């Protein structure tokens, strides 16, 4: 700082709200961990509370409600002490927590007035023991730095199987981590008195290190602006030091703070250069201005609070009251309350924006994904103005609505004629002429170029002109729009499931089922898989559970659709093992597979059986190949090439002729394996790199891809086969979540079920081969997050109760059946409009050798109507009951005498009975002497 130039922040003053402006009635307790015990986003505050052994957090809002009061809700998030927490810089509701229970979890918080989620969106288990620190990356979405006892690791939340990097082990206990503002470097402080600076993309060892502490007590490291680092230390008093990371030989400057043994918590604002420090266990808050020249650290204020500090955090800049010249706000966590401390710059003119105090600050949109950053990109977050006049005006919206945008590559004005780009929920699309309706209205799906298929007319007479007019006005409706999901009785549950494997790759569904049994990977050593009989629900034994011993960790698994006893398992050793379960289920552990398929050179992503040909299996791998296997001979028969990066998902067309894939290189491809090993068609796929799935819909004329866009928002895209190069017909975006939406499609009803691992909601849509393509139906929500969802054959559905689908939800300890029913009035009739003939897909139509030779097959179909039920289409029509008098009654001529009599009768009726006594006739009189005075 120029010694002759006065800083505009030198008179910054801490101001304390009145006690009714404090967040009271909390129980913070004395948490023993390395975190700050409280963190804030622009909207929410989360903090440690002394309940459930420290495994519970309190959640409240940054600002009070309209009545001036705060509501505090509780979030039970870990089975042991929550050691650290951090909000995403790009999402006010996304909270990361780590714990002594050795896990990291991501939570999607809601308003404190509502009940907080019952489970996390993501659960990571690094396997390094107690975790102490968790920190979001400042420029990249989905990137976390996690600190264990002596190790720091980086984790891309879109890839849950393994961390991006594990940095060199520290010589002693890790005490703090801090990202540089541009996201390029990571600093750490350690109990071995060393300050280390890592460039994780260049090397896993420190690029610089220096002994920066005199004591082995608590220390913190925090990046200031540019290349400068701040550290705090406790040795004969507490000290703050400023370092230049380009030459860590010695500190540029230092300043002593109050004498105490508590660890100093540093909070730095990069826009103003203000540093606020407070010590654990004491009530003092010191504010300094940090500069790149002498005196480096200048005291601005010294404040003494009323109660000792249990934790402290700074509030993001977007929440500042700029019209009051508030440049920084700190929350002090005490035993019983949270006290806001507002740092304001005195100005003569108030209630106006002072641009010199508020340079543009980092915005809320990530500059890149974790994978892009890891590959070397250094994009920076765009700056935004804090001037209230330049803020976008808030738009009224449905609180459950999710943003959409046009994805076809055209601007909104350039959209194809007759197609619109509107916005609504994730679930459906709407044309510009159709106003939104709930729940069956269409939503904001963008439509891109490419051929528009003409709808196939339904058999029978079409709708009347009046019905068509109503549909044109109100938008199309789905006959499944009121579908209801409900968990079946507990007697049908499988409970006491232990040691569930929660780290299966994102490309896997997590478990698989057929009509007889379900296979669930376990976390026990040796890649064990529990095979449970659906005919034997109830509580599993605590002592012995026979399993399939797969030898290596499970990457994916699936049942043979034509043999309910054959299970194919892909392992992380690039091999596929095929097992046969004994008739009646497992009674002892299986250790030797029937067949071992070898050919891939790297870990396998996913495996799928052919829908028509028996004994034909397809697999995709990290070696960027897709391979077809003939289980009859145990040989590889085809190797498909053309992928340039990780293959996220693959799926067979319903007729078994084509294979679709979606790849991390941003392409979707269609193969005809019998004609060529190269793709016959390809087009642009999802822009994100987190993961994707593909499923064929509408009789194989289309396929749907669920993935992520470049901003890590979940995305659905519908493609027309034969026009992939033109891009998707319709695309819609959803919320930001680390888990890929897993699609399940029912070809009989055209219903699409969507959910992700760790979600509590199952979204349901009807897919139609014309605009608006997606018709929203009611969704189903479970009480706790599910780890997976699969569906059973149509024959298990109770058609008498209009059950159109039945699924199995996998939770942490149970497998629960869920029935999806459509409410109908005439349930005594078979609802033939909802239950067409269904394909017998559990019977093969040809052998693998016949298919490879060029033959094609087709499933036979069966009727689902019970013999004692008549179809509703043949129900007798009800004759309407006349509720009015015939017209002759009103047209009958009356004589003058009849009219006079009716009029007289009406007048008398109004007057009442003339013989009735008057009210005053019942009054009691008085004696004559009572009139005297």
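Residue numbers (the UniProt record's numbering): 1 to 933.
The beta carbon of each residue, even a glycine, is placed where N, CA and C say it ideally should be.
As the structure is a prediction and not an experimental result, all values here were calculated from the model.
By the CB criterion at 8 Å, residue 611 and residue 748 fall outside the cutoff. Nearest neighbour of residue 532 by Cα position, chosen from 589, 51, 505, turns out to be 589. For residue 800, the secondary structure class from DSSP, reduced to helix, strand or coil, is helix. The three-state reading of DSSP puts residue 698 in helix, counting H, G and I together. Counting C-beta atoms within 10 angstroms of its own C-beta, residue 389 has fewer than 16 neighbours from the protein chains shown and is therefore classed as exposed. For residue 638, the three-state secondary structure derived from DSSP is strand. The beta carbon of residue 238 sits closer than 6 Å to those of 257, 264, all from its chain and outside the five residues before and after it, given in chain order. Rounded to the nearest angstrom, the gap between the Cα atoms of residue 274 and residue 246 is 22 Å.
Per DSSP, residue 370 is one residue of the alpha helix (DSSP H) stretching across 370-374. Residue 627 is bridged by DSSP to 619, 639. Look at the beta carbons and you see the segment 844-861 not touching the segment 818-835: under three pairs across the two are nearer than 8 Å. Of the other Cβ atoms in all chains shown, 16 or more fall within 10 Å of the Cβ of residue 529; this residue is therefore buried. In the DSSP annotation of this structure, the continuous segment of the alpha helix (DSSP H) that includes residue 848 starts and ends at 848-852. The residue among 653, 51, 332, 297 with its C-alpha nearest the C-alpha of residue 613 is 653.
DSSP places residue 220 in the uninterrupted beta strand (DSSP E) bounded by 220-223. Here residue 574 is not near residue 505, since their CB atoms are 8 Å or more apart. Counting only runs of 3+ residues, the beta strand (DSSP E) found wholly inside the segment 66-109 occupies 73-76, 82-88, 91-99, 104-108, in chain order.
With contacts defined by Cβ atoms closer than 8 Å, residue 646 and residue 663 form a contacting pair.
About 4 Å separates the beta carbon of residue 78 from that of residue 55, a gap short enough to meet the 8 Å contact definition.
With a cutoff of 8 Å on beta-carbon distance, residue 283 and residue 307 are scored as near each other. In the three-state reduction of the DSSP assignment, residue 490 falls in the helix class, which pools H, G and I.
Your pair residue 142 and residue 157 checks out as a contact, with CB atoms roughly 4 Å apart and the cut at 8 Å. By the neighbour-count criterion, in which 16 or more other beta carbons inside 10 Å mark a residue as buried, residue 336 falls on the exposed side.
In its chain, beyond the 5 residues on either side, 279, 282 have a beta carbon closer than 6 Å to the beta carbon of residue 260. Nearest neighbour of residue 563 by Cα position, chosen from 609, 484, 524, 526, turns out to be 609. Beyond the five residues adjoining it in sequence on each side, residue 80 comes within less than 6 Å, by CB distance, of 55, 99, 100, 101 in the same chain, given in chain order. A distance below 8 Å between beta-carbons, with the five flanking residues on each side excluded, links residue 755 to the following residues of its chain, in chain order: 741, 742, 761, 762, 763, 786, 789.
Boundaries for residue 842: no beta strand (DSSP E) harbours it, and the DSSP string shows neither H nor E there. Here DSSP, grouped into helix, strand and coil, assigns residue 175 to strand. If you look at residue 22, you'll find it isn't in any beta strand (DSSP E); DSSP assigns it neither H nor E. When DSSP reads this structure, residue 598 sits in a beta bridge with 575.
DSSP places residue 203 in the coil class of the three-state scheme, outside both helix and strand. Across the structure, residue 368 and residue 738 are spaced so that their CA atoms are roughly 15 Å apart. A residue is called buried once 16 or more other Cβ atoms fall within 10 Å of its Cβ, and residue 907, having fewer, is exposed.
Residue 540 places its beta carbon less than 8 Å from that of residue 497. Taken atom to atom, the span from the alpha-carbon of residue 805 to that of residue 516 is near 16 Å.
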